[in-house]
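So the protein lines, in turn, are chains A and B.
If you're matching positions, the first sequence starts at 2 in the working numbering and goes up one per residue.
If you're matching positions, the second sequence starts at 3 in the working numbering and goes up one per residue.
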Amino acid sequence: MPDWFRRRTPQPMNERSPDVPAGAFTKCAKCGHILYAKDFERDLKVCLRCGHHHRLTADERIEYTVDPDSFRETNAGLATADPLRFPDYAAKAERGREAAGRNDALVTGTARIGGYPCVFAVADFTFMGGSMGSVFGEKFVRAADQAIESKLPFVLFCASGGARMQEGLFGLMQMAKTSAAVAQLGEAAVPYLVVLTDPTTGGAFASFASLGDVILAEPGAYVAFAGTRVAQQAQTHKPPPGYQTSEFQQERGMVDRVTPRKELKDTLARLLSFFGGQSGSNGEEAAAGYGDTKNPAGIASASRNGRGQA
Amino acid sequence: MASMTVLEFERQIAELESNIAKIREIANRENRDVEHEIADLEQNRDALLHDFFQALTAWDNVQLARHADRPYTLDYLPLLFDDFLELHGDRVFGDDGAMVGGLALFDGKPVVVVGQQKGRDLKERQKRNFGYSRPEGYRKALRLMHLAARFGHPVVTFVDTPGADANVPSEERGISEAIARNLREMSVLRTPIVSVIIGEGGSGGALGIAVADRVLMLEHAIYSVIAPEGCASILWRDPARGPDAARAMRVTARDAREFGFVDEVIPEPLGGAHKGPDATAAAIKDALARHLREIGRLSKTRLLAGRYEKFRAMGRFLDVAAPARLDAPPPAPVPAPTYPETEPAADVQHNP
Ligand SMILES: [Zn+2]
Chain A
2 MPDWFRRRTP
12 QPMNERSPDV
22 PAGAFTKCAK
32 CGHILYAKDF
42 ERDLKVCLRC
52 GHHHRLTADE
62 RIEYTVDPDS
72 FRETNAGLAT
82 ADPLRFPDYA
92 AKAERGREAA
102 GRNDALVTGT
112 ARIGGYPCVF
122 AVADFTFMGG
132 SMGSVFGEKF
142 VRAADQAIES
152 KLPFVLFCAS
162 GGARMQEGLF
172 GLMQMAKTSA
182 AVAQLGEAAV
192 PYLVVLTDPT
202 TGGAFASFAS
212 LGDVILAEPG
222 AYVAFAGTRV
232 AQQAQTHKPP
242 PGYQTSEFQQ
252 ERGMVDRVTP
262 RKELKDTLAR
272 LLSFFGGQSG
282 SNGEEAAAGY
292 GDTKNPAGIA
302 SASRNGRGQA
Chain B
3 MASMTVLEFE
13 RQIAELESNI
23 AKIREIANRE
33 NRDVEHEIAD
43 LEQNRDALLH
53 DFFQALTAWD
63 NVQLARHADR
73 PYTLDYLPLL
83 FDDFLELHGD
93 RVFGDDGAMV
103 GGLALFDGKP
113 VVVVGQQKGR
123 DLKERQKRNF
133 GYSRPEGYRK
143 ALRLMHLAAR
153 FGHPVVTFVD
163 TPGADANVPS
173 EERGISEAIA
183 RNLREMSVLR
193 TPIVSVIIGE
203 GGSGGALGIA
213 VADRVLMLEH
223 AIYSVIAPEG
233 CASILWRDPA
243 RGPDAARAMR
253 VTARDAREFG
263 FVDEVIPEPL
273 GGAHKGPDAT
283 AAAIKDALAR
293 HLREIGRLSK
303 TRLLAGRYEK
313 FRAMGRFLDV
323 AAPARLDAPP
333 PAPVPAPTYP
343 ETEPAADVQH
353 NP
């Protein structure tokens with residue numbers, strides 16, 4: 002049964018091991034190697050022995066990726082309305098808020114990377130597995146709108162298990178809503194850069210996460226349409242080695258570059274430069290070089306400026 | 003809540019009908035007038051049908067949407083269109099039997115038709131991959147939709163899939179990319195699109211051909227973010243609780259209409275579409291004609307703006323203005339949704 006919400010064996014959200022004294026040491030979630038916490042932080046939570054890229058919270062991702070103090074969060078107040086009154090959803094969202102310190106799974110804002118201004122979004126897996134509900138889609142679209150209006154490129158880090166089933170079709174429709182916003186970015190010639198991180202699956206990978214002008218992926222990330230259990234159920238097809246990893250997706254042509262975490266910032270800065278950005282401390286001024294204003298259908302701008310024309 | 007499953011109920015009705023037939027046969031043989039008794043029995047049967055279908059649960063609709071006798075895309079095409087000419091293949095890798103498409107005439111005018119197809123016997127089921135569309139299917143669908151846009155013809159799609167295929171070959175050939183591309187391209191396709199959900203609207207696999215100006219749905223079809231059994235096994239580790247998940251996820255046509263995901267629910271004959279394919283097709287045809295006429299009048303700019311806005315508005319959320327505090331009160335209740343909605347945030351803010 003191709004249920005794309007099934008994940009691999011559940012892992013603790015932050016992959017921290019309890020049997021190591023807090024503070025000084027930490028243990029690699031993959032190979033078990035004991036790492037000095039300070040080294041681990043310095044290495045951006047990548048194991049120096051096996052290279053395992055540990056999952057990051059949105060705040061860690063922002064800290065490791067954008068220029069210091071350059072991130073300005075937008076639409077932080079959007080929160081789920083539990084549209085279906087789905088059993089236990091409100092409690093789960095509350096636990097997500099406690100774990101992630103955010104109102105939902107997508108964090109959006111503006112930032113600079115290597116001096117290049119951009120609209121920046123990060124999905125936080127600690128909030129209900131980074132799943133896409135109404136808030137996720139709305140924040141994605143508002144960020145895309147802002148990118149178009151300010152002619153800034155849109156940089157997005159994905160970590161998501163897909164559509165949030167507790168919102169029923171509201172969850173599913175975020176696939177269409179985000180993909181339509183990506184089409185608008187394209188019509189406005191605003192660059193859309195995606196970084197796939199562990200894990201990116203289901204409805205996320207089958208919508209906005211697969212639509213980047215450039216798609217980077219962190220090494221070893223689980224990137225797939227379906228969970229491995231589903232694939233294993235298909236007896237007739239033996240999964241090839243490395244199935245459903247970033248490397249596999251690059252080999253199959255779905256990802257532009259598998260890029261180690263420590264190279265991501267420079268790579269993104271190079272891409273922003275390539276797509277016409279001008280490095281500078283002043284975002285407004287630097288933004289002038291991007292794209293152009295043509296938007297033949299005038300769709301997104303029409304919908305931003307006024308509704309009800311449909 | 004109905005006390006028996008759809009299949010049990012259908013068996014009971016079938017028994018009743020066979021009894022009626024037997025009585026008639028005996029009466030004919032013995033030359034007795036039993037028309038009065040038979041009329042009573044038939045009335046009885048119709049009342050049972052009526053009562054059962056009045057009280058359908060979400061799970062009953064799941065069973066009806068998956069019913070083995072339910073008409074599929076290829077059953078409807080000859081009843082809705084003239085001169086359907088099937089076209090095969092994605093021009094990249096192959097031809098997906100779970101997705102059919104081609105050219106046809108609707109009321110004498112050319113349209114491009116795309117639809118998901120299940121099989122009836124084992125051989126055809128295999129050929130149709132049990133309705134699970136593969137990357138080639140989505141790419142074929144998009145190729146045909148581009149063809150339609152280039153030559154100014156509308157697109158009609160028929161949704162009926164348990165979900166997109168998730169096996170190794172589909173993953174290797176980019177099932178995610180294929181669906182994602184369709185979502186993006188359909189949102190800006192410069193021609194009218196109408197989608198009809200005729201059976202199972204199974205998550206992203208369904209949505210991959212359903213980003214349309216108008217989305218219509220048969221009365222007993224379902225539309226769902228995930229199969230109810232899958233939802234139940236993830237949330238409650240118990241696939242047998244599918245009925246609970248179906249209810250919680252609001253998978254019925256009435257639910258989808260209430261929340262604005264579909265524009266019209268097309269009625270089915272009493273007993274379900276399989277009890278009257280011709281009548282069902284007639285109802286679909288009537289709705290299709292109306293909606294194609296309405297959106298056919300719009301300029302391309304208005305058409306595309308309307309389509310974008312339609313999906314842009316799909317979402318319900320609160321704006322709590324500041325990051326939630328841990329001791330913050332739970333979100334205020336949302337007012338009962340109405341359709342069409344234009345501004346979800348305002349909806350919540352103005353009606354606390
Ligand atoms: Zn390690």
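The beta carbon of each residue, even a glycine, is placed where N, CA and C say it ideally should be.
Spatial neighbours of residue i in its chain, beta-carbon cut-off 6 Å, leaving aside the 5 residues before and after
i      : result
B:V253 : A60, I224 and S226
B:A72  : Reading off the sequence, residue 72 of chain B comes out as Arg, not Ala. For B:R72, where only same-chain residues beyond five positions count, the Cβ hits under 6 Å are G201, A275 and H276.
A:A164 : M133, G172, L173 and G204
A:M176 : G204 and S208
A:E248 : V259
B:F11  : F54
Assigned exposure category for residue i - 16 Cβ within 10 Å defines buried
i      : result
B:I22  : buried
B:N63  : buried
B:E19  : exposed
A:P242 : exposed
B:P137 : buried
A:L170 : buried
B:Q128 : exposed
B:V264 : buried
B:R295 : exposed
B:A143 : buried
A:M178 : Just to set this straight, residue 178 of chain A is Lys in the shown sequence, not Met. By the 10 Å Cβ count, A:K178 comes out buried.
B:S301 : exposed
A:R103 : buried
B:A70  : exposed
Short Cβ contact (7 Å threshold) for residue i with residue j
i      : j      : result
A:T202 : A:E219 : no
A:L157 : A:P118 : no
A:F137 : A:L107 : yes
B:G204 : B:P164 : yes
B:L417 : B:V161 : Lying outside 3 to 354, the shown extent of chain B, residue 417 of chain B is not represented and no answer is given.
B:G104 : B:E126 : no
A:Y34  : A:R50  : Reading off the sequence, residue 34 of chain A comes out as His, not Tyr. For A:H34 and A:R50, yes; Cβs fall inside 7 Å.
A:S180 : A:A124 : no
B:V114 : B:A150 : yes
B:N169 : B:G210 : no
A:A210 : A:G115 : no
B:A285 : B:P269 : yes
A:A148 : A:V196 : no
B:D92  : B:R130 : no
A:V215 : A:L272 : yes
B:G207 : B:A166 : yes
Own chain, CB closer than 8 Å to residue i, minus 5 neighbours either side, in chain order
i      : result
B:E44  : I22
B:L76  : V102, G117 and Q119
B:P325 : Summary for B:P325: the model assigns pLDDT 48, below 50, so the residue's position carries little reliability; its value from the coordinates is reported in the next sentence. Nothing listed; no residue qualifies.
A:H53  : C29, A30, K31, C32, V47 and G221
A:A25  : Y37 and A38
A:D68  : A112, R113, I114, G115 and G116
B:A255 : N63, I199, M219, L220, E221, H222, A223, I224, Y225, V264 and V267
Integer Cβ distance of residue i from residue j, believed to fall under 8 Å
i      : j      : result
A:T109 : A:T66  : Incorrect: roughly 14 Å between the Cβ atoms, too far for contact.
B:I181 : A:A207 : 4 Å
A:A112 : A:F72  : 4 Å
A:F128 : A:G97  : 4 Å
A:L217 : A:D257 : 6 Å
A:F226 : B:S178 : 5 Å
A:A122 : A:A92  : Incorrect: roughly 26 Å between the Cβ atoms, too far for contact.
A:T81  : B:F261 : Contact doesn't hold; Cβ gap of about 15 Å is too wide.
B:A291 : B:D109 : 6 Å
Spatial neighbours of residue i in its chain, beta-carbon cut-off 7 Å, leaving aside the 5 residues before and after
i      : result
A:Y90  : D83 and Q167
B:G139 : D98, A100 and M101
B:D215 : P194, I195, V196, I297, L305, G308 and R309
Touching or not, the stretch 67-85 of chain B and the stretch 231-240 of chain B, by the rule of three or more beta carbon pairs under 8 Å?
no
Three or more beta-carbon pairs under 8 Å between the stretch 241-250 of chain B and the stretch 203-221 of chain B, yes or no?
no
Three or more C-beta pairs under 8 Å: does that hold for the stretch 306-315 of chain B against the stretch 179-187 of chain A?
yes
Between the stretch 44-54 of chain B and the stretch 170-186 of chain B, do at least 3 Cβ pairs fall closer than 8 Å?
no
Okay, do the stretch 184-193 of chain B and the stretch 147-162 of chain B touch, 3+ Cβ pairs below 8 Å being the bar?
yes
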